[in-house]
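Here the structure comes first, spelled out in structure tokens, and everything after it is commentary.
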Amino acid sequence: MNWELRNLFDDLEVVQEKINDVVTSFVWFDDEYFTHEPNHMLTKKEIYTHGWKYHEHRIKNTQVIDLMLMYMRDFDDIMKKIRDIEKTLPENFGEESDNA
1 MNWELRNLFD DLEVVQEKIN DVVTSFVWFD DEYFTHEPNH MLTKKEIYTH
51 GWKYHEHRIK NTQVIDLMLM YMRDFDDIMK KIRDIEKTLP ENFGEESDNA
């Protein structure tokens with residue numbers, strides 16, 4: 001049982017690394033694209049540039065959302081398995097075991 005939990009925690013670390021990668025990627029995108037202060041008046045050229053990049057940004061945002069939803073499902077699945085194992089542990093039955 002101990003090795004099952006260890007494997008699940010390892011899986012959680014992998015999911016955490018994937019989430020961190022997505023967040024880092026999105027932060028880079030945000031830092032590179034949103035360079036003006038909130039009250040900055042966009043020039044005509046900046047408005048056109050934004051228009052040309054619209055589809056690129058939509059794709060990027062869709063990918064980030066899809067990845068985060070997938071990783072959250074992975075995370076939820078792993079947590080469910082941990083809870084299932086936790087329910088079977090002797091401590092939950094008021095017993096002690098040499099196997100744990």
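In full-length UniProt numbering, the protein residues as written are 1 to 100. Ideal Cβ placement from N, Cα and C applies to all residues, glycine included.
- A contact is defined here as three or more CB-CB pairs under 8 Å, and the segment 19 to 26 fails this definition with respect to the segment 36 to 53.
- C-alpha of residue 62 to C-alpha of residue 54: approximately 12 Å in a straight line.
- Non-local C-beta neighbours of residue 12 in its own chain, meaning closer than 6 Å and more than five positions away in sequence, comprise 78, ordered along the chain.
- Closest by C-alpha distance to residue 70, out of 18, 3, 28, is 18.
- Under the criterion of beta carbons closer than 8 Å, residue 60 and residue 34 do not qualify as touching, at roughly 13 Å.
- 86 is the residue among 86, 32, 58 whose C-alpha sits nearest the C-alpha of residue 6.
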